[in-house]
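**Student:**
Residue numbers (UniProt numbering), protein chains in the order written: chain X, 1 to 465; chain L, 1 to 465.
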């Protein structure tokens, strides 16, 4: 599977240059003009070569409900999502593939799947997603989504000790499932990595967080969680802990250089300093934050404080797509309206680095992937610069990030293995996948949700609506 | 050119239904199940039929600079744009086609081109754009962009009577050009409509506005202008008029039911009431407003005040695309973060109506286009619901508006003439266009701009940066 890309355009400090790139045994072994062809010759002419991006936060099974949940804030949207999400493992398989295909076709070579587990079939769910990702060949970070409190606990109550229905599974059982998943599936060198991933302070006890920290330390696992996605969660943290969620997570030791935190919309300046000190990574999910009305995350503040930031699509029913280029574009330009000094605005080149190296850092794998560097693994994407959506020719990265590219990924490799060639995914039959997604679904309009109706009164009262 | 679409999915109040649609002489003559086939039979199965959208504000020639202008606010961005925009009419022709293709392939059947005129070749510029739009067959509203003050006048000075270099062409000459353009090209029944379109209060004297109003009244022309896109313009209006720009435009009589106003970011509640009273239309350009850091337009307030709102892509170098579905998506979900009460959030069905009927209203043509109604002209788009980006099947309009559809337009008609068939534009050779756009451009990185350097000091000072 060795190959040599001839005459590809790559970014350098002052502009672009044209080079050849040799890949041997999955490793980038040389980047220079006029290299000999080792292995397969790949034509890089009129193509831009970049390190693959990371879709650093998603929930693959939400694929089944994209486009259908009405405009609602997170807490009510979740009630809607779970009311109509009776998934089976075949659906998990297909939605993992669908998520991977859209990620790959928009420049992503890695995906962090904060994977919703089917109750009673937790390990089967994980096994199924792992199988899908291995088949398609995307680098997968499977982060089983766990909690030990019931959904209603996620809304602030206005009381200091509210009583909620107990969660159906004990904390210890949940942690045992994760440990077993690590034993069975955690194979980073084969492209499958398991993360500990409590859903967030809104639905997890300290016991669950601490159990995850212990597993993380024992097995050298990265940590992943939602953090302060909504104003309601900010209120809830004060109710639960009497301090901010970030202060609490620091106190119990969850924050670290291997911790990535999705959303981070409602942080104070003090919280931001804690993220910087602990070298935690923020995963910015701009489309989901808009769709659910969560707010605009203070991304420019994070960058100025030295916090690592990368991008995620979030689950497809709060986005409602898995196109990483769309998330990168909106996540880059959105902040121009929160800070009027354009000297701090994110440039397209910075966006590309955030999406690739930034994503790798958040997964503690930046020594191995995330940039076009000799010695790193070949997670590479070639973009066709002759595509209509990238013309007329101007600045290739500017067009890629600020435009709306369609069908522009010509080729992609993960660890040196080719996954896309001539714009087509080669490892699975995408047309069969398309047919399966069609056959297993039906047209529907928005359904009235009983759970939303039940929770709405309390939500509006607590949020002052 | 008569045709009958068989078994297409259309939205009805409570969901969707499947119907046939007959089109005779460009007019929708029947919408019902089981109609006889008149003319060509079009297969509508598994396809969503909607009225075509309006790309209600763009500047086609910006196509040549998309992706390359660095992150800058409007006033400095404009200096950059004009420094590097030495256009010829062949470029005008190609960028008009490029703008039309991207608009058509994202569901638009009408475009409002606030057309930048080549100095000294004003009528040639208009003739060229008209020719391009006639060839491709999109319904075109050509709004020659005119001003009678120099660019530096667009930045507030901190003084009450600043002196600027005179504009190179007199107000009277400019108005004469527009009147001649009306005489030569204004043929609404053939799909080419000329608008009076002063660029905005920042670069136009009252004499120019009043001249445009007179032309508008004499020839029954719609009016189009930028309005309060940036905070700098808000300041400038106070300097120039001692009141808000909206109050001033109302006073001189520019606002009317035939007036559409691009951006409208910095309006007060009193201004909003004036737009409602005058029945003016707001054209929302969310991507441009983010890209240039202009701000978030108070779209939910407009809707609550009864102001008609529709969507535009704005020019491709402040977007940097002409994909109308992207503008509709972001322009719909962006406001969920400005108003936390989700009961006012825009639904996908409302977005579709804003983009079609809302666009038609702003052009005073809602009696003829903008909805699937018997008796209206057939500006129609069929979307392929089996496309991977619209699967799994859920709510078709939800998927179209909230997802990131790619390659989903199967067919499009303007006034009953088919422009897209099987996903391909049939009226021009798009591959030749692609090749021309490639050949007439070159890769470039961002260039230092002398004009920006000259204006930057004053801009930062006046804006308090």
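Ideal Cβ positions, reconstructed from N, Cα and C, are used throughout, including at glycine.
Name the residues in the segment 390-417 of chain X whose C-beta lies less than 9 angstroms from a C-beta of chain L; which are they?
**Tutor:** Residues of the segment 390-417 of chain X whose Cβ lies closer than 9 angstroms to any Cβ of chain L, in chain order: 390, 391, 392, 393, 394, 395, 396, 397, 398, 399, 400, 401, 402, 403, 404, 405, 406 and 407.
**Student:** Quick one: does residue 67/X have its CB under 7 angstroms from some CB of chain L?
**Tutor:** Residue numbering aside, residue 67/X sits at position 67 when the first chain is read from its first letter. So, interface residue.
**Student:** When DSSP labels each residue in this structure, what does residue 258/X get in the three-state scheme?
**Tutor:** Residue numbering aside, residue 258/X sits at position 258 when the first chain is read from its first letter. Residue 258/X falls in the coil class under three-state DSSP.
**Student:** Can you look up residue 235/L in the DSSP assignment and give me helix, strand or coil?
**Tutor:** Here residue 235/L corresponds to residue number 235 of the second chain, with the count starting at 1. In the three-state scheme derived from DSSP, where H, G and I count as helix and E and B as strand, residue 235/L is classed as helix.
**Student:** Nearest chain L C-beta to residue 154/X closer than 7 angstroms, yes or no?
**Tutor:** Taking the first residue of the first chain as 1, we reach residue 154/X at position 154. No, residue 154/X lies away from the interface with chain L (no Cβ there is under 7 angstroms from its Cβ).
**Student:** Since residue 284/X meets chain L, which of its residues come closer than 9 angstroms, beta carbon to beta carbon?
**Tutor:** Residue 284/X sits at position 284 when you count from the first residue of the first chain. Here the premise fails: no neighbours, minimum Cβ distance about 14 angstroms.
**Student:** Do we get a CB-CB distance below 7 angstroms when we pair residue 337/X with the residues of chain L?
**Tutor:** One-based indexing of the first chain puts residue 337/X at position 337. By this cut-off, residue 337/X is an interface position.
**Student:** For chain L, is any of its Cβ atoms less than 7 angstroms away from the one on residue 107/X?
**Tutor:** Here residue 107/X corresponds to residue number 107 of the first chain, with the count starting at 1. Closer than 7 angstroms: no.
**Student:** Would you list the one or two residues that DSSP bridges to residue 284/L?
**Tutor:** Within the second chain, numbered from 1, the residue matching residue 284/L stands at position 284. Per DSSP, 311/L.
**Student:** Could you pull out every residue in the same chain whose Cβ sits closer than 6 angstroms to the Cβ of residue 60/L, ignoring the five residues on either side in sequence?
**Tutor:** Position 60 of the second chain holds residue 60/L. Excluding sequence neighbours, residue 60/L sits near 95, 96, 99 and 113.
**Student:** Is the beta carbon of residue 67/X less than 7 angstroms from the beta carbon of residue 378/X?
**Tutor:** Residue 67/X sits at position 67 when you count from the first residue of the first chain. Residue 378/X sits at position 378 when you count from the first residue of the first chain. No, the pair does not count as a contact, with Cβ atoms beyond the cut-off.
**Student:** According to DSSP, is residue 16/L part of a helix, a strand, or is it coil?
**Tutor:** Position 16 of the second chain, counting from 1, holds the residue named residue 16/L. Residue 16/L falls in the strand class under three-state DSSP.
**Student:** Tell me where the beta strand (DSSP E) around residue 224/L begins and ends.
**Tutor:** Residue mapping note: residue 224/L aligns to position 224 of the second chain, counting from 1. Residue 224/L -> beta strand (DSSP E) spans 223-227.
**Student:** Would you say residue 362/X and residue 281/X are within 7 angstroms of each other, going by their C-beta atoms?
**Tutor:** Numbered from 1 along the first chain, position 362 holds the residue referred to as residue 362/X. Numbered from 1 along the first chain, position 281 holds the residue referred to as residue 281/X. It is a contact, given that the beta carbons lie within the stated cut-off.
**Student:** Report the option in 193/X, 208/X, 196/X and 136/X whose CA atom is closest to the CA atom of residue 169/X.
**Tutor:** The sequence position of residue 169/X within the first chain is 169, counting from 1. Checking every option, the nearest Cα to that of residue 169/X belongs to 208/X.
**Student:** Who are the neighbours of residue 63/X on chain L, taking C-beta pairs under 7 angstroms?
**Tutor:** Along the first chain, one-based indexing puts residue 63/X at 63. The answer, in chain order, is 392.
**Student:** Under 8 angstroms between beta-carbons, which chain X residues line up against residue 291/L? List them in chain order, please.
**Tutor:** For the purposes of this step, residue 291/L is identified with residue 291 of the second chain, where counting begins at 1. Result: 333, 336 and 402.
**Student:** Assuming residue 385/X contacts residue 403/X under a Cβ cut-off of 8 angstroms, what Cβ separation, rounded to an integer in Å, is found between them?
**Tutor:** Here residue 385/X corresponds to residue number 385 of the first chain, with the count starting at 1. Here residue 403/X corresponds to residue number 403 of the first chain, with the count starting at 1. Not really, about 12 angstroms apart at Cβ, beyond 8 angstroms.
**Student:** Under 7 angstroms between the Cβ atoms of residue 300/L and residue 339/L?
**Tutor:** Sequence index remark: in the second chain, residue 300/L carries index 300 (1-based). Sequence index remark: in the second chain, residue 339/L carries index 339 (1-based). With contacts defined by Cβ atoms closer than 7 angstroms, residue 300/L and residue 339/L form a contacting pair.
**Student:** Which term fits residue 243/X, buried or exposed, when burial requires 16 or more other beta carbons within 10 angstroms of its beta carbon?
**Tutor:** If you number the first chain from 1, residue 243/X lands on position 243. Classification of residue 243/X: exposed, given that the 10 Å Cβ count is below 16.
**Student:** At which residues does the alpha helix (DSSP H) containing residue 54/X begin and terminate?
**Tutor:** In the first chain, the residue the question calls residue 54/X occupies position 54. From DSSP, residue 54/X is part of no alpha helix (DSSP H) but of the beta strand (DSSP E) over 53-58.
**Student:** Tell me which residues of the segment 13-43 of chain L have at least one Cβ-Cβ distance to chain X shorter than 8 angstroms, keeping chain order.
**Tutor:** 14, 15 and 16
**Student:** Would you identify the three-state DSSP class for residue 408/L, choosing helix, strand or coil?
**Tutor:** The residue given as residue 408/L occupies position 408 in the second chain. Looking at residue 408/L - three-state DSSP - the assignment turns out to be coil, as it is neither helix nor strand.
**Student:** Can you find a C-beta in chain X that's less than 7 angstroms from the C-beta of residue 434/L?
**Tutor:** Within the second chain, the letter at position 434 stands for residue 434/L. So, interface residue.
**Student:** Here's a check: name, in chain order, each residue in its chain whose Cβ is nearer than 7 angstroms to the Cβ of residue 397/L, leaving out the five neighbours to either side.
**Tutor:** Counting from one through the second chain, the residue named residue 397/L turns up at place 397. Counting only Cβ-Cβ distances below 7 angstroms, and skipping sequence neighbours, we find 11, 348, 349 and 352.
**Student:** List the whole-angstrom C-beta distance separating residue 206/X from residue 252/X, where the pair is believed to meet the contact cut-off of C-beta under 8 angstroms.
**Tutor:** Mapped onto the first chain, residue 206/X falls at position 206. Mapped onto the first chain, residue 252/X falls at position 252. Going by Cβ atoms, the distance from residue 206/X to residue 252/X rounds to 6 angstroms, so yes, they are a contact pair.
**Student:** Could you tell me which residues DSSP pairs with residue 193/L in its beta bridges?
**Tutor:** Locating residue 193/L in the second chain gives position 193, where the first residue counts as 1. In DSSP, residue 193/L forms a bridge with 141/L.
**Student:** Taking C-beta pairs closer than 7 angstroms, name the residues in chain X that residue 342/L reaches, listed in chain order.
**Tutor:** For this step, residue 342/L is matched to residue 342 along the second chain. By Cβ distance, chain X contributes 71, 72, 73 and 293.
**Student:** For residue 124/L and residue 145/L, I'd like the C-alpha separation in whole angstroms.
**Tutor:** The residue labelled residue 124/L in the question sits at position 124 within the second chain. The residue labelled residue 145/L in the question sits at position 145 within the second chain. Residue 124/L and residue 145/L: Cα-Cα distance of roughly 14 angstroms.
**Student:** Would you report the Cα separation of residue 440/L and residue 360/L, rounded to the nearest angstrom?
**Tutor:** What you label residue 440/L is simply residue 440 of the second chain in a count that begins at 1. What you label residue 360/L is simply residue 360 of the second chain in a count that begins at 1. Annotation: residue 440/L to residue 360/L spans about 35 angstroms, alpha carbon to alpha carbon.
**Student:** Run through chain X and tell me which residues come within less than 8 angstroms of residue 463/L, C-beta to C-beta.
**Tutor:** As a working mapping, residue 463/L is identified with position 463 in the second chain. What residue 463/L touches in chain X: 340.
**Student:** Between residue 326/L and chain X, is the shortest Cβ-Cβ distance under 7 angstroms, so that the two count as touching?
**Tutor:** Taking the second chain and counting its residues from 1, one reaches residue 326/L at position 326. So, interface residue.
**Student:** Considering residue 219/L, what are the terminal residues of the alpha helix (DSSP H) in which it resides?
**Tutor:** By one-based count along the second chain, residue 219/L stands at place 219. Residues 206-219.
**Student:** So which of 139/L, 344/L, 116/L and 111/L has the shortest CA-CA distance to residue 477/L?
**Tutor:** Residue coverage of chain L in this structure runs from 1 to 465, which leaves residue 477/L outside it and unanswerable.
**Student:** Using a threshold of 7 angstroms, state whether the C-beta atoms of residue 42/L and residue 3/L are closer than that.
**Tutor:** Working through the second chain from its first residue, we reach residue 42/L at position 42. Working through the second chain from its first residue, we reach residue 3/L at position 3. A contact, by the Cβ cut-off of 7 angstroms.
**Student:** What are the boundary residues of the alpha helix (DSSP H) that residue 437/X is part of?
**Tutor:** Numbered from 1 along the first chain, position 437 holds the residue referred to as residue 437/X. Residues 430-439.
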